[in-house]
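A.B. asks: Listed in order, the protein sequences are those of chains A and B.
Residues 1 to 397 in this note's numbering are what the first sequence spells out, letter by letter.
Residues 1001 to 1397 in this note's numbering are what the second sequence spells out, letter by letter.
The C-beta atom is built at its ideal place from N, Cα and C for all residues, glycine as well.
Mind looking over this structure? Questions follow.
2 protein chains.
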Amino acid sequence: MNRSLLAGPGRIDRYAGQGFNEHVTLENWQDAPFSRWGFSHVSELITTAPIHRAGAGEPPVRFPESTAGELDRCSDVDDFLRATHTDAFVVLHRGALVYERYFGTFGPQDRHILMSVSKSICALTVGVLAGRGLIDPRESVSHYVPLLKDSAYGDASVQQVLDMTAAVRYSEDYVDPASEVQQQDRVAGWRPRLEADPADTYEFLMLLRRAGEHGRSFQYCSAGTDVLAWIVENVTGARYADVVSRELWSRLGCGADALVTTDSGGFAFANGGIACTARDLARIGQLMLDDGEAGGKRVVPSAWIGDTMRGGDPLVARGSAYQKIHPNGSYRNQWWVPGDARGTVYAAGIHGQFVWVDPPTQTVIAKFSSCPDPVSLASSRAHTEGFRRVVDLLESA
Amino acid sequence: MNRSLLAGPGRIDRYAGQGFNEHVTLENWQDAPFSRWGFSHVSELITTAPIHRAGAGEPPVRFPESTAGELDRCSDVDDFLRATHTDAFVVLHRGALVYERYFGTFGPQDRHILMSVSKSICALTVGVLAGRGLIDPRESVSHYVPLLKDSAYGDASVQQVLDMTAAVRYSEDYVDPASEVQQQDRVAGWRPRLEADPADTYEFLMLLRRAGEHGRSFQYCSAGTDVLAWIVENVTGARYADVVSRELWSRLGCGADALVTTDSGGFAFANGGIACTARDLARIGQLMLDDGEAGGKRVVPSAWIGDTMRGGDPLVARGSAYQKIHPNGSYRNQWWVPGDARGTVYAAGIHGQFVWVDPPTQTVIAKFSSCPDPVSLASSRAHTEGFRRVVDLLESA
Chain A
1 MNRSLLAGPG
11 RIDRYAGQGF
21 NEHVTLENWQ
31 DAPFSRWGFS
41 HVSELITTAP
51 IHRAGAGEPP
61 VRFPESTAGE
71 LDRCSDVDDF
81 LRATHTDAFV
91 VLHRGALVYE
101 RYFGTFGPQD
111 RHILMSVSKS
121 ICALTVGVLA
131 GRGLIDPRES
141 VSHYVPLLKD
151 SAYGDASVQQ
161 VLDMTAAVRY
171 SEDYVDPASE
181 VQQQDRVAGW
191 RPRLEADPAD
201 TYEFLMLLRR
211 AGEHGRSFQY
221 CSAGTDVLAW
231 IVENVTGARY
241 ADVVSRELWS
251 RLGCGADALV
261 TTDSGGFAFA
271 NGGIACTARD
281 LARIGQLMLD
291 DGEAGGKRVV
301 PSAWIGDTMR
311 GGDPLVARGS
321 AYQKIHPNGS
331 YRNQWWVPGD
341 ARGTVYAAGI
351 HGQFVWVDPP
361 TQTVIAKFSS
371 CPDPVSLASS
381 RAHTEGFRRV
391 VDLLESA
Chain B
1001 MNRSLLAGPG
1011 RIDRYAGQGF
1021 NEHVTLENWQ
1031 DAPFSRWGFS
1041 HVSELITTAP
1051 IHRAGAGEPP
1061 VRFPESTAGE
1071 LDRCSDVDDF
1081 LRATHTDAFV
1091 VLHRGALVYE
1101 RYFGTFGPQD
1111 RHILMSVSKS
1121 ICALTVGVLA
1131 GRGLIDPRES
1141 VSHYVPLLKD
1151 SAYGDASVQQ
1161 VLDMTAAVRY
1171 SEDYVDPASE
1181 VQQQDRVAGW
1191 RPRLEADPAD
1201 TYEFLMLLRR
1211 AGEHGRSFQY
1221 CSAGTDVLAW
1231 IVENVTGARY
1241 ADVVSRELWS
1251 RLGCGADALV
1261 TTDSGGFAFA
1271 NGGIACTARD
1281 LARIGQLMLD
1291 DGEAGGKRVV
1301 PSAWIGDTMR
1311 GGDPLVARGS
1321 AYQKIHPNGS
1331 YRNQWWVPGD
1341 ARGTVYAAGI
1351 HGQFVWVDPP
1361 TQTVIAKFSS
1371 CPDPVSLASS
1381 RAHTEGFRRV
1391 VDLLESA
């Protein structure tokens, strides 16, 4: 009997004698070894809302097929995937699906939590609405969300929030229970609540306070994306998941619905809570490569994609851990822009979630992982090297 | 702005001044008026597991199109749908989609909770496994689930559970907080837990006790279906949602994944927790009409479908509320069999969920509703008359 099949949040004692006594819960699903099951079964741990693919009955758009070429024969790629706790790995080259690997029980139909790759999807949705004139990135947050007037974000511009240069009293220490990021997890339903926690994410955001002057320096802060999602809701009068569905997901030819976790206040956890299949995540990278078009149709304004891919000001990120890997790197519109000569951009989430886009070779790499550490320089380096190796192999193909 | 769009479990005060202050919660989602939102957003209230449609990238099977004919012009059909709190209504005639109606914000992509229509889907899955020799309906429950040996179900046969003639100390009073059916709701995560409740559905089932001799009389008892699901898990070594996906849902040409609610023990709520689109539910009725085949391929054994459609022994249901509507009615393999000359069979769930199958006209009717009462004779009569009116119109077409 397959152990992993039974690794539910469960009374596994009914399988007593089969050597299986793991028990995945809301307390442990983000920790190894429980995370391997947890990251691919998030709807069984937290409530979720669907992000629909195209209308009922519409077939998904198939990727053109092609051979994997060198990739299939390279043991170092295999070593990289195993060393970095990979659950799924999908490579598109010139729009064709050239390499696809799944590990453990994770398969093409399964949806993996994206963590902060969700942020990059939120910003593409903001880009669509900006293109329609519903959001002006130069406006203040409180212009769109009056309830945030007295919060840290009230007088920040939308662009500052998109680029994470808003100054917020917020600790993004994933392993410190006293940090704001862990409190936000609890409020979002990702961890068991504590009595003193705010009722929901809306209230949590309203209580955040400023910690300096906006626009001066890069401060990675997950809450900013949820502020963007609240803006999306207010300017459309619709719920976040429905807007992402209507404006983005349903227009990419996706093979499956995505989903997003929701809290007791009905708030969709925009900063980390989307889950989707590996192939569908690759379509997000392809959308970047194709300048915001999918299937020959405009989805996100070209100007928004160009602005994102050109990156932000590397000076504001001086001293950041990020620049230890990418010395000229910046963060623009919720995407990481290494500032290399290739024009690479990527989206990244803790525990090894990635979409990597290499324009010169027209390569998109989507990777789901269950790395034990949320973040580490070693993991960032290993992933950067692994993705570059894949791109090298395709360049020489 | 559309009120219903915002009717989330939520801090609707952020929409203050718009006249909207409803708040859907785990306490009230089964009660009108909150149920209208709750029944179509179950994944936002309870954790869920996916029941996958066909493999990634496979297109759904489209229904042949046809005209609605008489149905479109009949105001009494419209009256029936409005009077019975309809959310969705789909009619297939000779395999073609001839009539489709949606109300409120519910649409073709939305998934509605099936309530006890879920039971009929469970039994079709049991039928598949019986056809493969994995389950023998004549065997005792404890043969497949030793942990249930001391429970009410231990010495009941699988067939008795399928037909609901197991004798169990269990009140199916939906509005009595002291009833077993409400306790089971709480254990399943459908209502807030009470301290003394069993940990999960597995434990709940083990604690049920016998109340007489099995096989003597029909006793509608939701817990029986969960016993069947536990048998399904034990004979396959796989989780219930995965088996329903593999053996049934993925083989019907469905347009969307279904989902099923899960409890803290990882148990899928087989007796009432499936949600799916209206069109996909109609495919279940079509499967019955087509003697267990879908798209020309065998899915459920013909013998199982035949045995179900012939019905059970009406004598064991003597005195039941059911026989006030269908005097010759029986319950066989978790389907209702009125015992009329037409050979009608149907699946039904509280608050107005139905699949109605009329063999002479080759008609399938799927209906989702948010009726305020869970069950009532008046509602059963109104639905029976409404479905017969639709069938009449198609017969004369």
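1) Report, in whole angstroms, the separation of the C-beta atoms of S380 (chain A) and I325 (chain A), which I expect to be a contact under 8 Å.
2) Less than 8 Å between the C-beta atoms of Q1184 (chain B) and F1204 (chain B), yes or no?
3) Please compile the residues from chain A whose C-beta is within a distance smaller than 9 Å of the C-beta of I1046 (chain B).
4) With DSSP run on the structure shown, which of helix, strand or coil describes T1105 (chain B)?
5) Just how far apart, CA to CA, sit D1263 (chain B) and S1118 (chain B)?
6) Taking the alpha carbon of T48 (chain A) as the point to measure from, which residue in A:G131, A:G272, A:V91, A:L252 has its own alpha carbon closest?
7) In chain order, what residues of the same chain have a beta carbon less than 8 Å from the beta carbon of E65 (chain A), not counting five sequence neighbours either side?
8) Show which residues of chain A have a CB atom less than 8 Å away from the CB atom of D1150 (chain B).
9) Would you mind telling me which residues of chain B sit closer than 7 Å to Q286 (chain A), beta carbon to beta carbon, in chain order?
10) How should A1256 (chain B) be labelled, buried or exposed, when 16 other C-beta atoms within 10 angstroms of its C-beta is the threshold for buried?
11) Let's see if you can read the secondary structure: which residues bound the alpha helix (DSSP H) around S1411 (chain B)?
12) Can you find a C-beta in chain B that's less than 8 Å from the C-beta of P137 (chain A)?
13) Is the CB of Q1109 (chain B) under 8 Å away from at least one CB in chain A?
14) Which residues, in order along the stretch 243-260 of chain A, keep a beta-carbon less than 8 Å from a beta-carbon of chain B?
15) With a Cβ-Cβ cutoff of 8 Å, do G1104 (chain B) and R1036 (chain B) count as a contact?
16) Label L208 (chain A) either buried or exposed according to how many other C-beta atoms from any shown protein chain fall within 10 Å of its C-beta, with 16 as the threshold for buried.
17) Please list the partners that T955 (chain B) has in chain A, where partner means a Cβ-to-Cβ separation under 7 Å.
18) What residue from A:G131, A:A282, A:T361 has the CA that sits closest to D307 (chain A)'s CA?
19) Which ranges would you report for the alpha helix (DSSP H) in the stretch 200-234 of chain A if only whole runs of at least 4 residues count?
20) Is there at least one Cβ from chain A nearer than 8 Å to P1177 (chain B)'s Cβ?
21) Can you confirm whether P413 (chain A), when its beta carbon is compared against all beta carbons of chain B, has any partner nearer than 8 Å?
22) Under DSSP, the alpha helix (DSSP H) around L45 (chain A) begins and ends at which residues?
23) Which of the residues in the stretch 1111-1132 of chain B, read from start to end, lie with their CB under 7 Å from any CB of chain A?
24) What is the DSSP secondary structure of T1344 (chain B), reduced to helix, strand or coil?
25) Less than 8 Å between CB atoms is the rule here; does S379 (chain A) satisfy it with respect to chain E?
26) What is the C-beta distance between L248 (chain A) and V128 (chain A), in whole angstroms, given that I count them as a contact (C-beta under 8 Å)?
27) Can you tell me whether P1372 (chain B) is helix, strand or coil according to DSSP?
28) Buried or exposed, going by whether 16 or more other CB atoms sit within 10 Å of the CB of S1250 (chain B)?
29) Does G273 (chain A) get closer than 8 Å to chain B when you measure Cβ to Cβ?
30) With 8 Å as the threshold, decide whether the Cβ of G1154 (chain B) is near any Cβ in chain A.
31) Does any C-beta atom of chain B lie closer than 8 Å to the C-beta of G352 (chain A)?
32) With distances taken between CB atoms, is the gap from P60 (chain A) to R53 (chain A) smaller than 8 Å?
33) Beta-carbon separation of V1141 (chain B) and V1161 (chain B) under 8 Å?
34) What is the residue span of the beta strand (DSSP E) that S1330 (chain B) lies within?
35) Spell out whether any CB of chain B is found under 8 Å from the CB atom of G266 (chain A).
36) Considering only their Cβ atoms, is the gap separating W335 (chain A) from A123 (chain A) smaller than 8 Å?
C.D. replies: According to the data block:
1) Indeed they touch by this definition, with Cβ atoms about 5 Å apart.
2) Remark: C-beta atoms of Q1184 (chain B) and F1204 (chain B) approach each other more closely than 8 Å.
3) Near I1046 (chain B) (Cβ distances below 9 Å), the residues of chain A are T47.
4) Here T1105 (chain B) sits in coil by DSSP.
5) Between D1263 (chain B) and S1118 (chain B), the C-alpha separation is close to 16 Å.
6) Relative to the Cα of T48 (chain A), the nearest Cα in the group A:G131, A:G272, A:V91, A:L252 belongs to A:G272.
7) So the qualifying residues of the chain are A96, L97.
8) For D1150 (chain B), there are no neighbours in chain A by C-beta distance under 8 Å, as the nearest C-beta there is about 14 Å away.
9) Taking a Cβ-Cβ threshold of 7 Å, none of the residues of chain B is close to Q286 (chain A); the smallest such distance is about 15 Å.
10) Counting Cβ neighbours within 10 Å, A1256 (chain B) comes out buried, since at least 16 surround it.
11) A query on residue 1411 (chain B) cannot be resolved here, the shown segment of chain B reaching from 1001 to 1397 and no further.
12) For P137 (chain A), the answer is no, since every Cβ of chain B falls outside 8 Å of its Cβ.
13) Judged by the 8 Å Cβ criterion, Q1109 (chain B) is in contact with chain A.
14) Of all residues in the stretch 243-260 of chain A, only G255, A256, D257, L259 place a beta-carbon less than 8 Å from a beta-carbon of chain B.
15) In this structure, R1036 (chain B) lies closer than 8 Å to G1104 (chain B) by Cβ.
16) L208 (chain A) comes out buried.
17) The structure shown does not extend to residue 955 (chain B), since chain B is modelled only from 1001 through 1397, so no value can be given for it.
18) Checked all of A:G131, A:A282, A:T361; the closest Cα to D307 (chain A) is A:G131.
19) DSSP runs (the alpha helix (DSSP H)) wholly in the stretch 200-234 of chain A: 201-207.
20) The Cβ of P1177 (chain B) sits no closer than 8 Å to any Cβ of chain A.
21) Because residue 413 (chain A) is not part of the residues shown, which for chain A are 1 to 397, the question remains open.
22) Counting along the chain, L45 (chain A) falls outside any alpha helix (DSSP H), and DSSP gives it neither H nor E.
23) For the stretch 1111-1132 of chain B, which is checked against every Cβ of chain A, not one residue is closer than 7 Å.
24) In the displayed model, T1344 (chain B) falls within coil according to three-state DSSP, outside both helix and strand.
25) The structure shown contains no chain E; the protein chains it does contain are A and B.
26) Right, the Cβ-Cβ distance comes to about 7 Å (below 8 Å), so this counts as a contact.
27) P1372 (chain B): coil per DSSP, three-state reduction.
28) The C-beta of S1250 (chain B) has 16 or more other C-beta atoms within 10 Å across all chains shown, which makes the residue buried.
29) G273 (chain A) does not count as touching chain B.
30) So, not an interface residue.
31) Closer than 8 Å to the CB of G352 (chain A) there is not a single CB belonging to chain B.
32) Cβ distance < 8 Å, so P60 (chain A) and R53 (chain A) count as in contact.
33) It is a contact, given that the beta carbons lie within the stated cut-off.
34) For S1330 (chain B), the enclosing beta strand (DSSP E) covers residues 1330-1332.
35) Closer than 8 Å: yes.
36) With respect to W335 (chain A), A123 (chain A) sits close: the two C-beta atoms are nearer than 8 Å.
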